[in-house]
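Here it is, written out as structure tokens:
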């Protein structure tokens, strides 16, 4: 559930009228695809970030995305430390 929530919120940070975001930076083709493809990438990012593996292939671009990514990393650390 946590990965779904974090992935959906990360996807909501995207401004479709602007290409200055994490999804376009990751893969411009996925940016223009359907919501299922975009959801899969967002879920992948959430699982990798929450588990603190952080491969570095999906990167935050804007300051809001960086703040949110930092928040998710801290939440993931707390969940694994106390969960």
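Residue numbers (our numbering): 11 to 93.
Glycine included, every Cβ here is placed at the ideal spot set by N, Cα and C.
Tell me which same chain residues have a C-beta within less than 6 Å of the C-beta of residue i, skipping the five on either side of it?
i, result
"residue 52", "17, 20, 21"
"residue 11", "none"
Is the distance from the Cβ of residue i to the Cβ of residue j below 8 Å?
i, j, result
"residue 79", "residue 70", "yes"
"residue 27", "residue 60", "no"
"residue 56", "residue 84", "no"
If residue i sits next to residue j, beta carbons under 8 Å apart, how far is it from one beta carbon to the other, in whole angstroms?
i, j, result
"residue 25", "residue 31", "6 Å"
Once you ignore the five residues that flank residue i on each side, which residues in its own chain have a CB closer than 7 Å to its CB?
i, result
"residue 45", "none"
"residue 33", "24, 40, 41, 48, 51"
"residue 88", "none"
Pairs of beta-carbons, one from the stretch 71-89 and one from the stretch 40-49, closer than 8 Å: are there three or more? The stretch 71-89 is not in contact with the stretch 40-49.
Could you name each continuous alpha helix (DSSP H) segment of 4 residues or more that falls completely within the stretch 11-43, going from the start of the chain to the end? Counting only runs of 4 or more, we get 12-22, 32-36, 38-41.
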